[in-house]
Structure formats: structure tokens, C-alpha cells
Amino acid sequence: MAFALTLSELARLADGDIVRGGLDSSYTGMAALDAATPGDISFLGNEKYKAQFLATFAGAVLVPRGVSQGPDTTALIAVDNPSLAFAAVVRHFAAAARPFVPGIHPSATVDPSAKLDPEKVSVRPGAVVMAGAVVGDGTDIGPNSVIGEDVVVGRDCLIYANVSIRERCVVGDRVILQPGAVIGSDGYGYEFVNGRHLKIDQVGIVELGDDVEIGANSTIDRARFGKTVIGEGTKIDNLVQIGHNVVIGKHCLVIAQTGMAGSSRLGNYVTVAAQSGVAGHVMVDDKAILGSRTGVTTNLKGGVTYLGNPAQPFMDEQKQKALVRRLPKMLEDLKALKKRGGGF
Amino acid sequence: MAFALTLSELARLADGDIVRGGLDSSYTGMAALDAATPGDISFLGNEKYKAQFLATFAGAVLVPRGVSQGPDTTALIAVDNPSLAFAAVVRHFAAAARPFVPGIHPSATVDPSAKLDPEKVSVRPGAVVMAGAVVGDGTDIGPNSVIGEDVVVGRDCLIYANVSIRERCVVGDRVILQPGAVIGSDGYGYEFVNGRHLKIDQVGIVELGDDVEIGANSTIDRARFGKTVIGEGTKIDNLVQIGHNVVIGKHCLVIAQTGMAGSSRLGNYVTVAAQSGVAGHVMVDDKAILGSRTGVTTNLKGGVTYLGNPAQPFMDEQKQKALVRRLPKMLEDLKALKKRGGGF
Amino acid sequence: MAFALTLSELARLADGDIVRGGLDSSYTGMAALDAATPGDISFLGNEKYKAQFLATFAGAVLVPRGVSQGPDTTALIAVDNPSLAFAAVVRHFAAAARPFVPGIHPSATVDPSAKLDPEKVSVRPGAVVMAGAVVGDGTDIGPNSVIGEDVVVGRDCLIYANVSIRERCVVGDRVILQPGAVIGSDGYGYEFVNGRHLKIDQVGIVELGDDVEIGANSTIDRARFGKTVIGEGTKIDNLVQIGHNVVIGKHCLVIAQTGMAGSSRLGNYVTVAAQSGVAGHVMVDDKAILGSRTGVTTNLKGGVTYLGNPAQPFMDEQKQKALVRRLPKMLEDLKALKKRGGGF
């Protein structure tokens, strides 16, 4: 099984020295000290976990230089910074679990007019790259994903299974698309004529900046004209809906099941927690934080934390929510006052 | 690049006359006057945009007959109705971006028992048409989409990538299914027997009327028996959930992330705004309008605008929401009255 | 057409005796007595439906032994328990609509290192089984679905079209995955370093217990380490989001469009109604019931019905909601009292 590390491979990867343990012992998982089993690698990142370390069942632990004692059956590797070294191991496992395999799988379909280097791009089984598409080196196109006509995908992107990118959309470098994500579906626009909703053609595109991530089964609509933009470094969670002509700035976080209506905008470094909604044509400024289930219906100033529907500053909303729970008591008081004040 | 128009092609398409400009100049995009660049076509639809017109960088502008002056580098085409002419250009671009290519791609799978005319239907790479399915002429089945056993799809439908239509469902003419849409998943039904949830088989179907559109990654469950119905001309946005045995009338609008529970019903011309929910077995009558995040738990009369959870007439809900924000002040008043009235 | 039963086949399937009707008459659907047409089978499960029975247009009806009279054109089959017999017929139709076809379709891709018995597993057109995956006998892998590297799928599972299971996830026996479901997408986790969100690798897995069902386009994130767990017999509806490291117990119901944030937990036999949300690291105990749109932000005791955001015991929430609707009247009273009490 490729998904395993021997102790000596681990030491090399962690840039550390084996204190104790058999060179050929091998490990297939990672876990915290108190959850680890003999097949797992763990780490002692902080003195306060010393007791957990002494009781761990981990097969191997990355420890700070100087530590040489530990549970009898646990191998030890001394490193300069156990947390950083462990992160490197995690990254190795993550990559090993799904190795990059350059080349076009025979069951994939790549249109002859598409531009990609078959020795530097991975096109997985059943994937489809349509006419005129361009795919950068180091990009991995997952099984049964579809790259539409004239789409441009940058370098070192990771596109998982069953992703759809519609025609002419533009994807930056190092973008990650989780399974089932849809990029470039039509915006929702109709004109009401003679009792019927006539479709307004949506001929714009979606542009995803560098280092963007889009969650599983999220949907990003193309613009009517021009483009829907997800700025560099912005991370979007699962089942999020982004409407047409939305513009999201750089390094935002948009959490699961949130929806942004057409032409709404986020500045930079905005956080939108789960199940929130932003109305059409509304702007939320830099570094605003929206709590879960916030409903935004007007422009919001940046640097403030909001909650509620419609959105209010956090403390105002909390105070009102607390008072709603106090309403039965307030009604009682009111009745008592009315009685005392004489019937009216 | 196919996705471009020369000025003379543009004039023909817009049914207009070239006032000014080189016949061979070509244009690859469309934009509003104030956003256009030299590669874009734009239009002067209304006198009030005259100033924008005079300052535009558009490469070509559709103008009303009689206009002959404009920015130096901008070509002009005189037409009877610039808005309508522009809509025709947009439609041309939309179609050109993803041309209809009749035929069955070699990587697609069409069961020999399926009924379709390979010269009039487009089955894109990796698409699958299962046994007994029927597909009408002019229909485009997107890459890696799946048409289940005995499904019937009408004429001139546009099915994008990675769509799933399960067995026996029926799709009308000119239906549009955005990427990842699921038609005919099982309704959610279990019987609780001896501590376990036993599945209630769902053997009905989904029926989509003519001119229906279903958004990206939306899910329409099949009926237990009989059918879940989406009426003619109804447009459903992205990430919408429609439960089993739901019946939606004609020409409704159901916006993103809304959910309709089993056996709920909408009349005709109902609008349901984003992130709303309709409980099971409830009916919303003709021309009702539900604002965003409305929660419907009882039958609602038609022709009224509702808001809130549970749904109330719009003004009632707004008044109450305003009073909730006033609760801190009300509590203060109440305390003052209690003090004055003597301790109780 | 395979999807039809003759009267004699129906009698055998229902374990009953033909009272009346032609042996060769055939039926292609099922319906309730009052909705049935001549092509449908129906049943008389309860004396109180006698009037409906006498007026039905059903082609054939399963009746209790002893009943010999009915509408002139309706065939009758006498059985011991009409409800159970009808359920058997429904199950037959459900299976017939999409027959199990063992074998690997030529357009599917199965990596040579995958372990499955091609004579006992069905791999539908365009499906992909990646390296190291294991698939149990009797399992049906739908068209264009993707089984990732080293995934383990149990026996007799039903995986519909366009499903994605990412690397190393584990699926129990008799699991049903509706179209578009995503199992094992990355958890949403980033570290904020130097103005950028750095991805925290997600190297855990998802484990689905026996008899689990996951709805269409729902998404289940893999754990950072360890595993996200959906317990035996739990049924998850469409468009549900389950975050990383969530642990759901046995026999829970999680209804459409609900979201559970990272590391939240449900006990056994918990019901979460539609469009609810559970915050991260929160626990909901055994047999709790959350009404639609409940928002859970703290641990909740089991065996109680909750509603509201934040969640409260059902009656408390209802009382407060009623009082919110009474706020205009309360304000009026308060104003009257203030007037009487003298200006303050």
C-alpha cells in the first residue's frame, strides 16, 4: 500500500532524527496523542500535553529535541518544531492519498483544439475537456469532471470528481474545486411578457482568482454581461449559492449554505457564517463579520460584527433576542399595571 | 475564434444599417455603454443615456435611426429598436458560445433500445442514455449527464453537464436543466418498525412541463406514487429542494435555496423568494408572493405578499420586526411605570 | 415493456387468489383507490375506504379475503393482509424500474488494482472505480459515479448517477446514495497567516454505517484526522451539509437543507427537521426532536422537542412567537398607561 510511511521515511520527511524505534516499522495514519493507535503518527507540540504523550498508544511521535523517554512501544523522532514537522507529514499523506498522475486517461475526452500539455496535466478517467479550453501545467482534472468550451484553467489547480465548469469561465492558479461544484451556470433572470417568463440570456462569465477554493456542490452563476468575480484567496464552503454579477473581494470566507443574490458585493476579508443570505445589489464592506443565518438587506459598514435578519450589530441583536424570551414576563407586568391603573 | 462578429455580420443580425465603421472590424463581447471596451458591442436604448453614449469606448453601438454622431472610434449601426436588436445580438452570442453539434459523441453511451435521431440530437462526450429512454429532436444532452431508463425528454431541451434524470421521469419541450440538477431522486419516506427506519419505496415520477428551467444542483424528488409536477413555464433557481408529490403550477418563480416539503402545492404565478420553506401538505394560492426566508406552515391565500416565519402578510411582519427592535425601549418604559405604580 | 404485471403475476407476487378478472390483463402502475386509473393496481387496506373502493377506477385491487364484490371493471385478488401485499408489489415495481445488471459496462473504468467481482457487481456506463477501491457483491454503481482511491463500499449498496466518493472513505452494507451526493469532500479549515487563509489539510475520512441513506446533492465532509461518522440506519435527505468530524448516531433523521458544522454531534434516534442548523462542537442528545429551521448553538438534552433560533423547548418558542405577533397591542397598552401615569 502506497499510503504508508516507514520510520526512516518519516524521519526524512520531518527533517528529524530517530531517537528510538525500528527503521522498517510503518505507519498509515495520523492522530492526536489521545486518539492515536499503533498505526498512527502523532506529535508533542506543547509541554502541556506531556501526560497525554506518556499515555499515548501512537506508533510514532514527533518530539522536541531533548525528549528521549516515552511509552515503551512508541517510536520517537526528534525535530526542531514538532507542529511544523507534523504539518509536513499531514501534507505528504494528503498528497499520497490521491497522487498526481500526469497524462490523459484513455477514457477521458480532450477536444483536439484544447490546449494542454498531456505530460504535465492529469486528466482523470471520464473527464471531458471541450473545444478551445486551456489548462495550465500541474492541474489535476478529476474523474467525470467537465471543462467547458473556451474555459481557461490556471496552473496547479485541483479539480475533484463531477465538477462542471461552463463555457468561457476563467479559473486562476492553485484553485481547488470540491466534487460537484458548478462554475458558470446561468444567472436567474427573466422578463415577464404576455404571462410568461422569458429567459434573459446570460452571456457573461465567472472569474475565480488565484488560490480560491469552492466547496462541494456549490454553485456560482455567470454574469449577464461582464463577470461574476470571486477574488484571490477567497474560500467558499459547500452548498453555497453565488448569484450572477456578484463580486466578492480577496481573502473572504463564505460558509456553508449561504446565498448571495445577484449583483451583491463583499469587500476584502469579509466573513459570512453559515446559512446567511445577502440580498441583491447590496454591499458588505471590508472585514465585516456576519454571524450564522444573518440576512443582509442593506449596505453594511466594514469592521463590524452583525447578526439577525435583517442584520444588526451583534450586541443589539442579542439584546433583542433576550427580550423576546422575556416577553411572557413583560406581558404579565403589563397586565398587572393595567389592572392597577383601572380598566381600559 | 468563432465567438466574434464582424461589423457587417452585426448589421445583418441587428437588421440595421451601418452608419459608420469598417466592415471587417470585429467584436467579441457585449457591455453597457459605460462599461464597454473597444472589443464590445453596446446599444443606445434610451435618450437619457446620451451622455454615456458620447463618452463610450464601445467598438460598435446600435443606435436609433437618425443618430449619426458619436465617439470618433466607435462604429454605429442604425436600427428601429436598439433594445430589441441588442437582445438578438445577445441571443446570438449565447448560442455561439456553445454551438449545437448534432450527433452522438463516440465517448457517449446510448443504449440500443433508446429512441432518438442521432442526426437531430446532440449527445455530448461521456453522456449516458439508458435503456428505453426517448429524446426529442433538437435536444442537447450535456457532457457526463445521465438520462435514466425509460425517461422521456421532449424537443429542443438544453441539458447541461453532470445532470441526472432518474428512471421513467418525463421532461417537456424546451426545458433547460443547469449543471448538476437531479430529477427524480427518491422522496424522503420511512416507516419506523422495531427501532429502524424502513424505506418506503418511491415508485412515482417527476414531470417537468414545457419551458421549465431547473437551476444548478437543485433536486426534484419523485412521487411515492403518481407524480411530482413542475408546471409549464415555471423557473426554479439553484440549490432548491422539491419534495415528493409536490405540485407546482404554471409560470411560478422559485428562488435559490428554497425548500418545499412533500405534497406541498403552489398555484399559478406564485413567487417564492430565496431561502424560503413550505411545509408538507400546505397550499399557496395563485399569485401569492413570498419574500425571502418566508416559512409557510398553513395554507395561504393568493394575491397577497407574505413574509416571516411563520408567514404573515408583509406589513404585519414588518411592524412586528420593527417593534422587536424597539423592545429595549419598551422594557425601560415598563420598568418606569412599575416603579411609579409601587413595587409589585 | 418489462415494467408491467399481468393479473396472474400479480396474484403470485401478492401471495393471493384471483377472485375476479382476466389472467392476461396487465397493469403498469400503482395508486390510491381514489386516484387509480384502469392501468393501476390499488388495495383496500382498511374498512373505512370501502366507499372509495366501490367507486374506484383501478384495474385491480388487493382486497381482504371474503370480499367478492366491487366495481364491474375491476379485477380483485384476495390476500391475507392487503397493505403488506401491496408493499410487496411496490417493491417489485421499484426494482423492475431499474433492474440490477451485473457486470462492468464497457464504457466504465475500473482500475486493475480495484477489488470487485465483475459477475456480482454492477458498474454502469461511465462509472469510474479508482485504484485500490473495494466493492462488495450486489452493489450497483450508477452511471458516471466515481469511487475514489482505496474507498471501501459494502454489499448490496445502491449508488445512483453522478455520485462522488472521495479517497479512502468507507461505506457500509445496503447503503443508498442518491444522485449527486458527495462523500468525503474536504472539511472547511484554514489558518490565517500573513493576511492569507492557508488550507489545513484534511486527511481523515467519512464512514457511513450499514443501511444509511444520503440524499441527492448532499455533502459529507471528511474529518481533519480520524473520521466523520454517519451511524447505522441514519437517513439524510437532499442538500444537507455535514461538516468535518461530525458524529451522527444510529437511526437519526436529518431532513432537507439542514447543516451541521464541524465536530457537532447527534446521539441516536435524533430527528432534525428541514433547514435547521447545528453549530460546531455542540451535542444533541438521544431522541431529541428539532423542528424546522431550528438553530442549535448549545448542547441540548435528549427526549425534548425544540424549535427556534436559538433552539428552545417547543412550547416556550411558540409562546414567544405568539407574543411577538401581539407586540403592536402591547405597545398600545403601554402608551395608554404612560399617558395616564403622567408624562415621563
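Protein chains in written order, with this note's numbering: chain A, 2 to 345; chain B, 2 to 345; chain C, 2 to 345. No residue lacks a Cβ here, since even glycine has one placed at the ideal position from N, Cα and C. In this text the structure is predicted, and so the values were computed from the model without any measurement.
Kindly list, in the order they appear in chain A, the residues whose Cβ is closer than 7 Å to that of residue 308(B). Stepping through the second sequence from its first residue, residue 308(B) is reached at position 307. Ordered by position in chain A, no residue passes the 7 Å Cβ test against residue 308(B), which lies about 11 Å from the chain.
May I ask you to report which of helix, strand or coil DSSP gives residue 159(C)? If you number the third sequence from 1, residue 159(C) lands on position 158. Here residue 159(C) sits in strand by DSSP.
Cβ-based burial, residue 193(B) [other Cβ within 10 Å; buried from 16]: Here residue 193(B) is taken as the residue at index 192 of the second sequence, counted from 1. So residue 193(B) ends up on the exposed side.
Beta-carbon neighbours of residue 198(C), restricted to chain A and to distances below 8 Å: Here residue 198(C) refers to the residue found at position 197 when the third sequence is read from its first residue. The contacting residues are 234, 236, 252, 254.
For residue 295(C), count neighbouring C-beta atoms within 10 Å of its own C-beta (all shown protein chains included) and say buried if the count is 16 or more, exposed if not. Residue 295(C) sits at position 294 when you count from the first residue of the third sequence. By the neighbour-count rule (16 or more Cβ atoms within 10 Å), residue 295(C) is buried.
I want to see whether chain C comes within less than 8 Å of residue 191(B), judged by CB atoms only; does it? What you label residue 191(B) is simply residue 190 of the second sequence in a count that begins at 1. Residue 191(B) counts as touching chain C.
Given this structure, state the Cα-to-Cα distance separating residue 310(A) from residue 101(A), to the nearest angstrom. Along the first sequence, one-based indexing puts residue 310(A) at 309. Along the first sequence, one-based indexing puts residue 101(A) at 100. The alpha-carbon atoms of residue 310(A) and residue 101(A) are separated by roughly 45 Å.
Beta-carbon proximity list for residue 3(B), same chain, < 8 Å, skipping 5 on both sides: Walking along the second sequence from the start, residue 3(B) turns up at place 2. Low local confidence applies: a pLDDT of 48 at residue 3(B) is under 50, so the model's placement there is unreliable, and no value is given.
If you drop the 5 nearest sequence neighbours on each side, which residues of the same chain put their C-beta closer than 8 Å to that of residue 203(C)? In the third sequence, residue 203(C) corresponds to position 202, counting from 1. Hits under 8 Å: 187, 188, 190, 222, 223, 224, 225, 245.
For residue 168(C), return the contacting residues in chain A, with the cut-off set at a CB-CB distance below 8 Å. Position 167 of the third sequence holds residue 168(C). Among the residues of chain A, those whose CB is under 8 Å from the CB of residue 168(C) are 98, 99, following chain order.
At which residue ranges does the stretch 122 to 193 of chain B contain complete beta strand (DSSP E) runs of 3 or more residues, listed in the order of the chain? 183 to 186
Here's a check: name, in chain order, each residue in its chain whose Cβ is nearer than 7 Å to the Cβ of residue 40(B), leaving out the five neighbours to either side. The residue you call residue 40(B) lines up with position 39 of the second sequence. Once the five neighbours on either side are set aside, the close Cβ partners of residue 40(B) are 28, 29, 30, 60.
Report the start-end ranges of each alpha helix (DSSP H) in the stretch 49 to 127 of chain A that is 4 residues or longer and not cut off at the edges. 51 to 55, 83 to 97
Whole-number beta carbon distance between residue 133(A) and residue 114(A), since they are thought to touch under 8 Å: In the first sequence, residue 114(A) corresponds to position 113, counting from 1. In the first sequence, residue 133(A) corresponds to position 132, counting from 1. So it is a contact: roughly 5 Å between Cβ atoms.
Residue 206(C) versus 213(C), 179(C), 195(C), 248(C), residue with shortest Cα-Cα distance: Locating residue 206(C) in the third sequence gives position 205, counting from the first residue. Here the closest residue by C-alpha is 248(C).
Residue 90(B) versus residue 45(B) - alpha carbon distance: By 1-based counting over the second sequence, the position of residue 90(B) is 89. By 1-based counting over the second sequence, the position of residue 45(B) is 44. Cα to Cα, the separation comes out at about 14 Å.
Chain-ordered residues of the stretch 202 to 221 of chain B with a beta carbon less than 9 Å from chain C: 202, 203, 204, 205, 218, 219, 220, 221
Separation of residue 36(A) from residue 76(A), as counted between CA atoms: Translated into the one-based positions of the first sequence, residue 76(A) becomes position 75. Translated into the one-based positions of the first sequence, residue 36(A) becomes position 35. Roughly 16 Å separates the two Cα atoms.
Using only alpha-carbon positions, find the residue among 20(B), 262(B), 287(B) that is nearest to residue 235(B). In the second sequence, the residue the question calls residue 235(B) occupies position 234. Of 20(B), 262(B), 287(B), the residue nearest in Cα terms is 287(B).
Cβ distance (whole Å) where residue 179(B) is taken to contact residue 215(B) below 8 Å: The count along the second sequence starts at 1 and reaches residue 179(B) at position 178. The count along the second sequence starts at 1 and reaches residue 215(B) at position 214. Contact holds; Cβ gap of about 7 Å.
I'd like to know whether the C-beta atoms of residue 1(A) and residue 312(A) end up nearer to each other than 8 Å. This structure leaves residue 1(A) out entirely; chain A is present only between 2 and 345.
Cβ atoms of residue 289(C) and residue 305(C): under 8 Å apart, would you say? Counted from its first residue, the third sequence places residue 305(C) at position 304. Counted from its first residue, the third sequence places residue 289(C) at position 288. Yes, they are a contact pair.
For residue 281(C), which residues from the same chain have a beta carbon less than 8 Å from its beta carbon, with the 5 sequence-adjacent residues on both sides left out? On the third sequence, position 280 is the one that residue 281(C) refers to. Hits under 8 Å: 244, 262, 263, 264, 265.
Reference residue 270(A); option with closest CA among 233(A), 240(A), 260(A): Position 269 of the first sequence, counted from the first residue, corresponds to residue 270(A). Out of 233(A), 240(A), 260(A), 233(A) has the C-alpha closest to the C-alpha of residue 270(A).
Would you mind reading off the limits of the beta strand (DSSP E) that contains residue 200(B)? Locating residue 200(B) in the second sequence gives position 199, counting from the first residue. Taken as a continuous stretch (DSSP letters only), the beta strand (DSSP E) holding residue 200(B) covers 197 to 200.
What in chain B is Cβ-close to residue 242(A), meaning under 7 Å? By one-based count along the first sequence, residue 242(A) stands at place 241. Here the neighbours are 239, 240, 257, 258.
Exposure of residue 173(A), with buried meaning 16 or more beta-carbon neighbours within 10 Å: Locating residue 173(A) in the first sequence gives position 172, counting from the first residue. Result: buried.
9 Å Cβ cut-off: residues of chain A touching residue 331(C): Within the third sequence, residue 331(C) is the residue found at index 330, counting from 1. What residue 331(C) touches in chain A: 328, 331, 332, 335.
Tell me the start and end of each unbroken alpha helix (DSSP H) in the stretch 219 to 243 of chain B that is at least 4 residues and wholly inside, in chain order. none
Length at least 4, wholly inside the stretch 321 to 345 of chain A: the alpha helix (DSSP H) runs in chain order: 328 to 341
What is the rounded straight-line gap between the Cα of residue 161(A) and the Cα of residue 163(C)? As a first step, residue 161(A) is located in the first sequence; it is residue number 160 there, counting from the start. As a first step, residue 163(C) is located in the third sequence; it is residue number 162 there, counting from the start. In a straight line, the C-alpha of residue 161(A) is about 13 Å away from that of residue 163(C).
Rounded to the nearest angstrom, what separates residue 24(C) and residue 88(C) at their Cα positions? To locate residue 24(C), count along the third sequence from 1; it is residue 23. To locate residue 88(C), count along the third sequence from 1; it is residue 87. Rounded to whole angstroms, residue 24(C) to residue 88(C) spans 21 Å at the Cα level.
Since residue 325(A) meets chain C, which of its residues come closer than 7 Å, beta carbon to beta carbon? As a working mapping, residue 325(A) is identified with position 324 in the first sequence. Under the 7 Å cutoff, chain C gives 321, 325.
Using a beta-carbon distance below 8 Å, is residue 15(A) in contact with chain B? Position 14 of the first sequence, counted from the first residue, corresponds to residue 15(A). Cβ-Cβ to chain B under 8 Å: no for residue 15(A).
Under the assumption that residue 218(B) contacts residue 181(B) (Cβ atoms under 8 Å), give the Cβ distance between them as a whole number of angstroms. Numbered from 1 along the second sequence, position 217 holds the residue referred to as residue 218(B). Numbered from 1 along the second sequence, position 180 holds the residue referred to as residue 181(B). Rounded, the Cβ-Cβ distance is 4 Å, consistent with contact.
Can you pull out the residues from the stretch 30 to 46 of chain C whose beta carbon lies closer than 8 Å to at least one beta carbon of chain B? 30, 31, 32, 33, 36
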